[in-house]
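Data first, discussion second: the structure below is written as structure tokens.
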Amino acid sequence: MAFRQLTEANCGQANPLHKLTTHLTRDHALAETHGQPFPSSSDQLVEQFLQETRMAPQTFRMDDLMREMHEIESQRASLPPVPASTVKDHLNDDVWALQYIEDGKHFHVNENEDIWSEIAAQEHNTHQSLQQDSIWAEEFRQDTGEAVAVQASANELLDNLDDPQFQYSKFMKFMKQVGDGEATIQDGEVSVNDEAVEWGDEYVNNLRTMNKEETAESMADDYVASNNGEYNSKFWDRLQDEWKKLADTEETADHPWISDFNDYYDTYKEYNFTEENPMFDILDPLSRGKDMLSKGDLPSAVLCFEAAVKKEPENAEAWQLLGTTQAENEQDPNAICALKRCVELQPENLTALMGLAVSYTNESYPRQACQSLVNWMQRNPQYASLVPPDFDLSGAHHKVVQDMFIRAAQLKPQDVDYEIQCGLGVLFNLSGEYDKAADCFRAALSVKSDDAKLWNRLGATLANGSNPEQAVDAYHRALNLEPGFIRARYNVGITCINLSAYKEAAEHFLLALNQQARGKDVKNVGGLSQMSETIWSTLRMCISLMNRSDLRPALDNRDLDALNKALDIHES
Amino acid sequence: MSLQSDAIFEMIAQKIKESPEKAKSVNGIFLYNITKDGKIVKTWTMDLKSCKIHEGTPKSGKPNTTLTISDDDFVGLATGKLNPQTAFMKGKLKLTGNVMLAQKLGPLLKAAEAKL
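Quick mapping for you: the protein sequence lines, in order, are chains A and B. According to my numbering, the first sequence is numbered sequentially starting from -7. According to my numbering, the second sequence is numbered sequentially starting from 18.
Printed below as a string of structure tokens:
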């Protein structure tokens, strides 16, 4: 701020700098005490100043700077950090060296438990440093190439280091060997590998006998000494990149470090059987179930299939039918359990795998959904070749799986494979590209227009893509084909909510629940547990949004009759 | 005072109780300021680290993200009428704190999602 007066062009006003100079030039008292150190006139001051400034720019001469920097770099490259002279003397002190050797022997003899636990902790660091060192060894191999050059540089390194501390290190021994040509470093040379591994092993053993602090210090020193600065930075750069990648992909949780954590959550282990299954004492529940399915009575079919799997726990077909039917019955958690069991028994069951992908998508488990789709492709004889043999989903985004399926579709451009289109539709739903997904499902429907499930999927895609009117059309097609399609009816209710038509939504939900409650056998006993949790919780929300909290007790008690009456639903 | 958003919060609480790993995957503490006619009338805390949803401010720990939204708009978000990004752009949803975490919250909030 003080300089403003100096820099601003205010002619005529008193310039502080000028004032200062007057002090110097006209201060006779100063002149008397100090002789004549300053020029008497301001002109001479200016002269002096200009002379000085002429010299100043020289410090900004870039080429000089560069030269100096190069010198510094090369110095740093060839020499390790030069220890302070006093320290160096101290190091050269034989007494200390002898003492160190003594200490080393001590540890050899003692070998307490404590030391081993220390070592165990140290092992971790060792592994890391080993990794670093082996990375260095590899890079060293790659980058240097010529054995002669390596030898030369190794010898050079040796010459530059004559500190006794370095002489004690194993690394130096290695470098000596390289210098002597004992260990040749050539690309693909097996002897070097062994040498490096051997050296690595020796290193570890060596560490065990050394003092803990000594280890850290020598490791650090070795590390510093062992590279020209490039390898060091290369490793750290790589580590940094890994972290950056981790930070970037954190949202998708696809990075192996994070996905491992996700893998631990496996809630779909045990299937929840209906408590009192009226179908239990039927002779052939499986075929009866299929019968029910063809009639469109989903809840009864579910009961039959449950009885079937209880009778024959190893029957993969029964499990598969149970799974797919539960999915249509709007019971995804149970569906996933059943389908997983089926795949355990019959890994090549494509229907089960596709069903799993869909259910996982609905339950917001994108990774598992992708995995199921990959498994589907691997097990499919037509497309198995498109999956690379050691394909690992852990690092991949679902875009990779999308590309695989697109390639599969392109294999037969004229002949639409509706399953591939279905898989693609699921994938695009996962990535939020609802328009593309809708196109895929439409393509699938072009070959299989009587599949209610496909119509429902199209509707759901349109609804999630904020296209409720078209969605409703698709749902109606599905329901026309299969009036007992619980899931489609649930979806219609959802669309009503999207359009804020809460009353209509509640009606649809109740209809679905009624249908589920009707799932019975010949004895006409209703299965209460067949009713889907999702439908109940959505209905509850709907009732609240309708501001009919008076129906709360009925909701809590699952009193369908009361609810039917309240909302004017007539049970036919 | 009973707001429409109460029903939504209950539904989300139910969802989390059934599948806690969905909450754990987001793993944050969110504070919701629900407004009506421009004034904050209720606050809700979604503690996904301990899988609890309750009224008021967080019982333990500080919220990672604070969201301010009106009752109607919140219902719109949950029922799928209002897109979270659109809400944010239009200023209907105000965010402070960790925005990334709030994005993860999206799928959890969607109470009404069509099933494939």
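Ideal Cβ positions, reconstructed from N, Cα and C, are used throughout, including at glycine.
Could you tell me if residue i is buried or exposed, where buried requires 16 or more neighbouring beta carbons within 10 angstroms of its beta carbon?
{"i": "A:Asn372", "result": "buried"}
{"i": "B:Lys132", "result": "buried"}
{"i": "A:Arg449", "result": "buried"}
{"i": "B:Gly123", "result": "exposed"}
{"i": "A:Ile578", "result": "Residue numbering for chain A in the displayed model covers -7 to 564; residue 578 of chain A lies beyond these limits and cannot be assessed."}
{"i": "A:Glu309", "result": "buried"}
{"i": "A:Gly180", "result": "Reliability of the predicted coordinates at A:Gly180 is poor, the pLDDT of 37 falling under 50, and the value obtained from them is presented with this limitation in mind. Classification for A:Gly180: exposed."}
{"i": "B:Lys32", "result": "buried"}
{"i": "A:Ala376", "result": "exposed"}
{"i": "B:Asn44", "result": "exposed"}
{"i": "B:Glu35", "result": "exposed"}
{"i": "A:Arg230", "result": "exposed"}
{"i": "A:Leu42", "result": "exposed"}
{"i": "A:Met523", "result": "buried"}
{"i": "A:Pro277", "result": "buried"}
{"i": "A:Gly347", "result": "buried"}
{"i": "A:Asn516", "result": "Reliability of the predicted coordinates at A:Asn516 is poor, the pLDDT of 46 falling under 50, and the value obtained from them is presented with this limitation in mind. Answer is exposed; the Cβ neighbour count stays below 16."}
Considering only residues of the same chain and omitting the five flanking positions on each side of residue i, which have a CB-CB separation below 6 Å?
{"i": "A:Leu437", "result": "Leu446"}
{"i": "A:Asp324", "result": "Ser351, Asn354 and Glu355"}
{"i": "A:Ala504", "result": "Ile478, Arg481, Tyr482 and Ile527"}
{"i": "A:Thr487", "result": "Ala455, Pro460, Ala463 and Val464"}
{"i": "B:Lys111", "result": "Thr85"}
{"i": "A:Phe272", "result": "Ala299"}
{"i": "B:Lys121", "result": "Val43"}
Determine the DSSP secondary structure at residue i, reduced to helix, strand or coil.
{"i": "B:Asn50", "result": "strand"}
{"i": "A:Asn102", "result": "Residue placement at A:Asn102 is poorly supported in this model, since its pLDDT is 48, which falls under 50; the coordinates are not used for a value here."}
{"i": "B:Ser87", "result": "strand"}
{"i": "A:Glu355", "result": "coil"}
{"i": "B:Lys56", "result": "strand"}
{"i": "A:Met538", "result": "coil"}
{"i": "B:Met63", "result": "strand"}
{"i": "B:Leu122", "result": "helix"}
{"i": "A:Thr565", "result": "For residue 565 of chain A there is no data in the structure shown, the boundaries of chain A being -7 and 564."}
{"i": "B:Thr96", "result": "helix"}
{"i": "A:Thr266", "result": "coil"}
Can you check whether the C-beta of residue i is within less than 8 Å of a C-beta belonging to chain B?
{"i": "A:Met346", "result": "no"}
{"i": "A:Ser353", "result": "Before going on, a small fix: residue 353 of chain A reads as Thr here, not Ser. Taking Cβ atoms only, chain B reaches closer than 8 Å to A:Thr353, which makes this a yes."}
{"i": "A:Ala452", "result": "yes"}
{"i": "A:Val294", "result": "no"}
{"i": "A:Leu537", "result": "yes"}
{"i": "A:Tyr426", "result": "no"}
{"i": "A:Ile489", "result": "yes"}
{"i": "A:Ser423", "result": "no"}
Does the beta carbon of residue i come closer than 8 Å to any beta carbon on chain A?
{"i": "B:Asp89", "result": "no"}
{"i": "B:Ala15", "result": "Lying before the first or after the last residue shown, residue 15 of chain B is absent from chain B, which here runs from 18 to 133."}
{"i": "B:Thr96", "result": "yes"}
{"i": "B:Met63", "result": "no"}
{"i": "B:Ile25", "result": "yes"}
{"i": "B:Glu35", "result": "yes"}
{"i": "B:Glu130", "result": "yes"}
Which residue comes first and which comes last in the beta strand (DSSP E) that contains residue i?
{"i": "A:Leu566", "result": "Coverage of chain A is limited to positions -7 through 564, which leaves residue 566 of chain A absent and any answer about it impossible."}
{"i": "B:Leu112", "result": "Leu110 to Gly114"}
I'd like the span of the alpha helix (DSSP H) that includes residue i, first residue to last.
{"i": "A:Leu503", "result": "Tyr494 to Ala509"}
{"i": "A:Gly288", "result": "Looking at the DSSP string, A:Gly288 is not in any alpha helix (DSSP H), and its letter there is neither H nor E."}
{"i": "A:Glu304", "result": "Run containing A:Glu304: none; DSSP gives neither H nor E here."}
{"i": "B:Glu72", "result": "Run containing B:Glu72: none in the alpha helix (DSSP H); it sits in the beta strand (DSSP E), Lys69 to Glu72."}
{"i": "A:Thr487", "result": "Ile478 to Asn490"}
{"i": "A:Leu453", "result": "In the sequence under discussion, the amino acid at residue 453 of chain A is Thr, which differs from the Leu named in the question. Its alpha helix (DSSP H) spans residues Ala444 to Asn456."}
{"i": "A:Gly415", "result": "Tyr410 to Leu422"}
{"i": "B:Met106", "result": "Pro101 to Met106"}
{"i": "A:Gln338", "result": "A:Gln338 -> no alpha helix (DSSP H), and no H or E assigned at all."}
{"i": "B:Pro37", "result": "Pro37 to Val43"}
{"i": "A:Gln462", "result": "Pro460 to Leu473"}
CB of residue i to nearest heavy atom of the ligand ATP: below 7 Å?
{"i": "A:Gln312", "result": "The ligand ATP is not part of the structure shown, which contains no ligands of any sort."}
Between residue i and the rest of its own chain, which residues show a CB-CB distance below 7 Å, the 5 nearest in sequence each way excluded?
{"i": "A:Ala470", "result": "Ala444, Trp447, Asn448, Gly451, Phe477 and Ala480"}
{"i": "B:Ile25", "result": "Phe91, Val92, Ala95 and Ala128"}
{"i": "A:Gly457", "result": "Tyr426, Asp427 and Ala430"}
Only counting the same chain, and skipping five residues up and downstream in sequence, which positions put a Cβ closer than 8 Å to that of residue i?
{"i": "A:Lys495", "result": "Met538 and Leu559"}
{"i": "A:Lys11", "result": "none"}
{"i": "A:Asn549", "result": "none"}
{"i": "A:Gln507", "result": "Leu290, Pro291, Gly476, Ile478 and Arg481"}
{"i": "A:Phe571", "result": "Here chain A covers residues -7 to 564 and nothing more, so residue 571 of chain A does not appear."}
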